[in-house]
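Counting along the sequence shown from 1, when you hit position 149 you're at 494 in the numbering used here, and nothing is skipped either side.
Beta carbons: idealized from backbone N, C-alpha and C, even for Gly.
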Amino acid sequence: MNNVYIALGSNLNQPILQLTTALDYLQQQPAIQLIAVSPLYSSKPLGPQDQPDYVNAVAQIQTSLEPLALLDLLQSVEQQQGRIRLRRWGERTLDLDILLFNQEIIDTERLTVPHKEMKNREFVLIPLFDIAPQLILPDGESLATAVMPFRQHTMQRVAQYPLSPK
Numbered sequence: 346m347n348n349v350y351i352a353l354g355s356n357l358n359q360p361i362l363q364l365t366t367a368l369d370y371l372q373q374q375p376a377i378q379l380i381a382v383s384p385l386y387s388s389k390p391l392g393p394q395d396q397p398d399y400v401n402a403v404a405q406i407q408t409s410l411e412p413l414a415l416l417d418l419l420q421s422v423e424q425q426q427g428r429i430r431l432r433r434w435g436e437r438t439l440d441l442d443i444l445l446f447n448q449e450i451i452d453t454e455r456l457t458v459p460h461k462e463m464k465n466r467e468f469v470l471i472p473l474f475d476i477a478p479q480l481i482l483p484d485g486e487s488l489a490t491a492v493m494p495f496r497q498h499t500m501q502r503v504a505q506y507p508l509s510p511k
């Protein structure tokens, strides 16, 4: 089984519902076992500030899917939930990004893992730290070290996803 961390984000069409619906769907997939979900956080937009705040979380899954098959599945979930991406770093109904896939480094036209910007984004590192504080990143850096610049974050916890047995 592959150990994978996925970032979830939304700021349109009831963002908490968007994230919980996506998590529910993933939990129902036979090739995926949902291991952990961080609290859901409210965060300011990274890009243009004339958009609603985001709700972000990170989920840990185990899956038998290979990286591109998982990417295809995640993109289909985004589409099923009416993904809207109006502009770069703009508002969206749902964004699902593969942050880490085992300890692999993947750099293809369709997929880059670890996610290129994850170390620069508190809305990724804080939730990831919530569920994997002992994690060592593929470059050998500990997550505890990577998260240090964001320890005084301004994000607010807004919900907790209830894990239920598969």
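Looking at the DSSP output, V400 shares a beta bridge with S355, S387. Counted as a single uninterrupted DSSP element, the stretch harbouring I380 is not any alpha helix (DSSP H) but the beta strand (DSSP E) occupying residues 377-382.
Take the alpha-carbon of E454 and the one of R502: they are about 34 Å apart.
Counting along the chain, D475 sits inside no beta strand (DSSP E); it lies in the alpha helix (DSSP H) bounded by residues 467-476.
Shown here, S421 sits in a helix according to DSSP, grouped into three states. For the 7 Å CB-CB criterion, A504 and I361 form a contact. Of the candidates P478, P384, F495, P478 places its Cα closest to the Cα of S487. Counting the other CB atoms within 10 Å of its CB gives I450 a total below 16, which places it among the exposed residues. Taking the Cα of S421 as reference, the smallest distance to any Cα among W434, V403, A489, D440 is reached at D440.
Non-local beta-carbon contacts of F468 in its own chain, meaning distances under 6 Å to residues more than five positions away in sequence, involve S388, N401 in chain order.
About 13 Å separates the beta carbon of L418 from that of L456, a gap too long to meet the 8 Å contact definition.
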